[in-house]
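This report concerns only the one structure given below.
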Amino acid sequence: MRVKNGILTKQYCLISFILLISAVFVLWIGISPASAARKADVQKDASGLVDINNATQEDLENVKGLGAATAKTSIADKIKTKAKSAPEKLAPGTKINVNTADQTMLEKLPEIGPVKAKAIINGRPYNTIEDIMKVKRIKGKTFEAIKDYIVVK
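Residue numbers for the sequence shown follow the numbering used here, so the first one is 2 and each next one is one higher.
Structure follows, in structure tokens:
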């Protein structure tokens, strides 16, 4: 091949550059951030078992010998387990004295989590149940949800 004014060399450089960029692009698509994150979420322990707490249904279905029905059952079991760990709510008619209740008891009130329970404790003492509305984040909707369950003594 004859090189005329370096044109052929420039063409080879351009073609090599395009091939390099193409290879990088193909590799990037194969290891996209989304697929890498999904793969990282499915953790295997030393015995090669998939951690169903972090696995998606697709991951569970891809496990050898685990069909779609079993995968759905595993996900349903995971949901039930998380639901069981939710705080217990109060039965209708139960009353809690907001001036003496501990944080765990206050968290049983509807719409009340750990942050609001701590705020209620820090805002004591209360003279009327309406005084609880002075607590940050406890306004109309939350007060309506808890007013039948609280007393002030």
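In this text, a Cβ means the ideal position worked out from N, Cα and C, and glycines have one as well.
In this text, all values refer to a predicted model and were calculated from it rather than measured experimentally.
With a CB to CB cut of under 6 Å and the five nearest residues on each side skipped, what residues in its chain are close to Gln104?
-> Within the same chain, and ignoring the five residues on either side of Gln104 in sequence, the residues whose Cβ sits closer than 6 Å to its Cβ are Ala118.
What number of angstroms, rounded off, separates the C-alpha of Leu1 from the C-alpha of Val27?
-> The shown model of the chain, from 2 to 154, leaves out residue 1, and the question about it has no answer.
Length of the line joining the Cα atoms of Glu145 and Trp29 = When only Cα atoms are considered, Glu145 and Trp29 end up about 53 Å apart.
Tell me whether Leu15 is buried or exposed, calling it buried when 16 or more other Cβ atoms sit within 10 Å of its Cβ.
-> Its Cβ having fewer than 16 others within 10 Å, Leu15 is exposed.
Could you name the residues of the same chain whose beta carbon sits closer than 7 Å to that of Ala87, not counting the 5 residues immediately before and after it, in chain order?
-> Note that Ala87 scores 49 on pLDDT, short of 50, meaning its location in the model is unreliable and no value can be drawn from it.
Note down the Cα distance separating Asp42 from Val99, rounded to an integer number of angstroms.
-> Bear in mind that a pLDDT of 47 at Asp42, under 50, signals an unreliable position, so the number given afterwards is only what the model happens to contain. Their backbone Cα atoms lie some 42 Å apart in a straight line.
If you draw a straight line from the alpha carbon of Arg138 to that of Leu21, how long is it in whole angstroms?
-> Distance between the alpha carbons of Arg138 and Leu21: 56 Å.
Coil, strand or helix - Ile147 by DSSP | Three-state result, Ile147: helix.
Would you mind sorting Ile151 into buried or exposed? The rule is 16 or more other CB atoms within 10 Å of its CB.
-> Ile151 counts as buried, since at least 16 other C-beta atoms from the protein chains shown sit within 10 angstroms of its C-beta.
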